[in-house]
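Take a look at the structure below.
Residue numbers (my numbering): 7 to 159.
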């Protein structure tokens, strides 16, 4: 089912959307100061090509290590992104999701637009993984938290 959804998504706009994100990333890369946003644009572009069966997850949640994108600088980058681009991009994806929901048959596409709206708000410090990997990371983190709580008790 994921393959069919990804194929239809790719044909009906995913290719154009992903290439647009990559073009935005290249433009941001040329400015030097836009390098963090370029990386975020490339990640969103990758997600835009084939979103079914994948989700955005914090790199910190995935590998339990802070990096430049998951720390304070990542937060500052996300605030700047939110003000200048994220809010508007998320509104665009929400509008597209609403249009897809109205067609009934487009509900699966609407769900993907909602996922893209979420990452469009604050993409710095996130990566794209399969749903199974994201669930395994969350399960592992939860088990680690339980072990920690038991040690403290």
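A virtual CB, placed ideally from N, CA and C, is assigned to each residue, including glycine.
A quick note: this is a predicted structure, and the numbers were derived from the prediction, not measured.
Could you have a look at residue i and say whether DSSP puts it in helix, strand or coil?
{"i": "residue 62", "result": "strand"}
{"i": "residue 129", "result": "coil"}
{"i": "residue 7", "result": "coil"}
{"i": "residue 39", "result": "coil"}
{"i": "residue 76", "result": "coil"}
{"i": "residue 113", "result": "helix"}
{"i": "residue 118", "result": "helix"}
{"i": "residue 71", "result": "coil"}
{"i": "residue 142", "result": "helix"}
With a Cβ-Cβ cutoff of 8 Å, do residue i and residue j count as a contact?
{"i": "residue 119", "j": "residue 102", "result": "yes"}
{"i": "residue 24", "j": "residue 59", "result": "no"}
{"i": "residue 49", "j": "residue 132", "result": "yes"}
{"i": "residue 106", "j": "residue 98", "result": "no"}
Taking the DSSP output, what are the residues bridged to residue i?
{"i": "residue 136", "result": "60"}
Can you tell me where the alpha helix (DSSP H) holding residue i begins and where it ends?
{"i": "residue 97", "result": "93 to 108"}
**Message:** Taking 8 Å as the cut-off, does the segment 62 to 71 touch the segment 136 to 151 (at least 3 CB pairs, one atom from each stretch)?
**Reply:** Yes, the segment 136 to 151 touches the segment 62 to 71.
**Message:** Tell me whether the segment 93 to 109 and the segment 120 to 131 touch, counting them as touching only if at least three CB pairs, one residue from each stretch, are closer than 8 Å.
**Reply:** yes
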